Amino acid sequence: MTDKPKTALITGITGQDGSYLADFLLQKGYHVVGIKRRTSLLSTDRIDHIFNDMENVINFDMAYGNMIDAGNIYRLLQETQPDEIYNLAA
């Protein structure tokens, strides 16, 4: 029986700290869910390498959300059931 990996929810995933944390947690075997505002920078340069790494991409999901939209955040929490939450949103 294989243990289910821990799930980490990271807000601000496209920022410097969020992208570094995502890399670190993926290397530790976590399933990472990143939250990005739709109005954030169109560029996802800091996390593009995750999408191109077949080993990591299966443990990575991107969600769109805004920290002031409580309903959406609540829905994401219900859907992802994270073990850990990291709020790095600006």
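Here the sequence shown is numbered in my numbering, starting from 13 and rising by one per residue. All C-beta atoms in this analysis are idealised placements derived from N, C-alpha and C, irrespective of residue type, glycine included. In this text the structure is predicted, and so the values were computed from the model without any measurement.
Opposite N99 in the DSSP bridges: which residues?
Partner(s): T23.
Assuming G24 contacts A102 (C-beta within less than 8 Å), just tell me the rounded distance between them.
Their Cβ separation, rounded to whole angstroms, is 6 Å, which keeps G24 and A102 in contact under 8 Å.
According to the Cβ coordinates, are L37 and A20 closer than 7 Å?
Their beta carbons are under 7 Å apart, which means L37 touches A20 by this criterion.
Would you tell me roughly how many angstroms separate the C-alpha atoms of G46 and D60, rounded to the nearest one?
The alpha-carbon atoms of G46 and D60 are separated by roughly 13 Å.
Between which two residues does the beta strand (DSSP E) carrying D29 extend?
That residue, D29, is in no beta strand (DSSP E); its alpha helix (DSSP H) goes 28 to 39.
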